[in-house]
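In my numbering, the protein residues as written are 73 to 282.
Shown next, in the form of structure tokens:
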């Protein structure tokens, strides 16, 4: 895959990771215990990888059977990205601990299982992968479509794992003390998403680069 596509996806993936959601709530809910947070985040990452494999296989089959499916996914993904940006501007998500009470004495395996369920069974994650990942693939690349999707999914999982470990260890008190940080991150991500969605459409349908 072209390195510029990988770098572009990495940057956009970071923007998505910065948006507070169910994963944030889960990580913050267990952030007081350093050993626990490692197991919890590991479970989240495993969930992302499982979702990536399912989407890679399913999307590849769809593209193979329907030649114009790639164009449909690109258009739908760009619209979805723009819609997410508008939603973030209108109603920035609040950091809330909406995760059920968790037993601090649970084993590492239990924390991993919980993390896996939070990310791997989240329907929004599958929608995000299906709509978003194909936009950063290339029909001209030597790599098979499914391998491109898998690579992008692994990059996103790495971003999520790294960032969630960081906020789990350091950011709980900071975000609660300075909630304006969350608002600033949400607004920045929203504007960036809307801009990127337009760029993706221009590259695909005007410049024909993908």
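Built from N, CA and C at the ideal position, the CB exists for glycine as well.
Secondary structure at residue 140: coil, using DSSP grouped into helix, strand and coil.
Residue 159 counts as exposed, since fewer than 16 other C-beta atoms from the protein chains shown sit within 10 angstroms of its C-beta. Uninterrupted alpha helix (DSSP H) stretches at least 4 residues long and entirely within the region 193 to 232 occur at 195 to 204, given in chain order. When DSSP states are grouped into helix, strand and coil, residue 179 belongs to the coil group. No residue range can be given for residue 91, since it is assigned to no alpha helix (DSSP H) and is classified by DSSP as neither H nor E.
Under the three-state reduction of DSSP, residue 163 is assigned to coil, being neither helix nor strand.
For residue 228 against residue 120, the beta-carbon gap comes to about 6 Å, under 8 Å, which counts as contact.
Distance from the CA atom of residue 89 to the CA atom of residue 183, rounded to whole angstroms, is 21 Å.
Ranking 219, 234, 155 and 179 by CA distance to the CA of residue 268 puts 155 first. Judged by DSSP in its simplified three-state form, residue 270 adopts helix.
Taking the C-beta atoms as reference points, residue 277 is found no nearer than 9 Å to residue 187. Rounded to the nearest whole angstrom, the CA to CA distance from residue 242 to residue 223 is 29 Å. Here residue 210 has 73, 74, 77, 220 and 282 as same chain residues with Cβ atoms under 8 Å from its own Cβ, once five neighbours each way along the sequence are excluded. Only exposed fits residue 143, as fewer than 16 other CB atoms lie within 10 angstroms of its CB. If you check the CB distance, residue 146 and residue 206 come in under 9 Å.
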